Amino acid sequence: MDKIFINGLMAKKPNDNSPEWVKCNISIKREELIGWLTEQTDEWINAQVCESKGGKWYAEVDTWKPTNG
Numbered sequence: 068m069d070k071i072f073i074n075g076l077m078a079k080k081p082n083d084n085s086p087e088w089v090k091c092n093i094s095i096k097r098e099e100l101i102g103w104l105t106e107q108t109d110e111w112i113n114a115q116v117c118e119s120k121g122g123k124w125y126a127e128v129d130t131w132k133p134t135n136g
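Take any residue in the sequence shown, count from 1 to its spot, add 67: that is its number in this note's numbering.
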């Protein structure tokens with residue numbers, strides 16, 4: 068399945084000097100995120116912060132759905 072990136076939401080690895088309880092930095096480009104959200108139809112959007120093979124962090128929609136059975 069193709070990745071669905073969340074436009075306007077950027078995830079970044081914490082600064083090396085960050086306290087241990089800081090797990091991720093999130094940046095929001097307000098107008099871009101609002102535009103993306105208005106195009107979505109589900110009540111809930113689950114997201115995952117992932118790391119690319121090149122080491123860059125990003126947020127993507129978690130499309131996993133439980134199977135009935």
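Glycine is no exception: its CB is placed at the ideal position from the N, C-alpha and C atoms. Note that the structure is a prediction, hence the values are computed from the model and not measured.
query                                                                                                                                                       : result
List in chain order: all unbroken beta strand (DSSP E) runs of 3+ residues lying wholly within the region 90-132.                                           : 92-95, 114-118, 124-128
Please classify Ile140: is it buried, with 16 or more other beta-carbons within 10 angstroms of its beta-carbon, or exposed?                                : Lying before the first or after the last residue shown, residue 140 is absent from the chain, which here runs from 68 to 136.
Contact defined as beta carbons within less than 8 Å: I believe Ala78 pairs with Val116. What is the distance between those atoms, to the nearest angstrom? : 4 Å
Compare the beta carbon distance of Thr130 and Ile71 with 8 Å and say whether it is the shorter of the two.                                                 : yes
Which residues mark the beginning and the end of the beta strand (DSSP E) in which Lys79 is found?                                                          : 76-79
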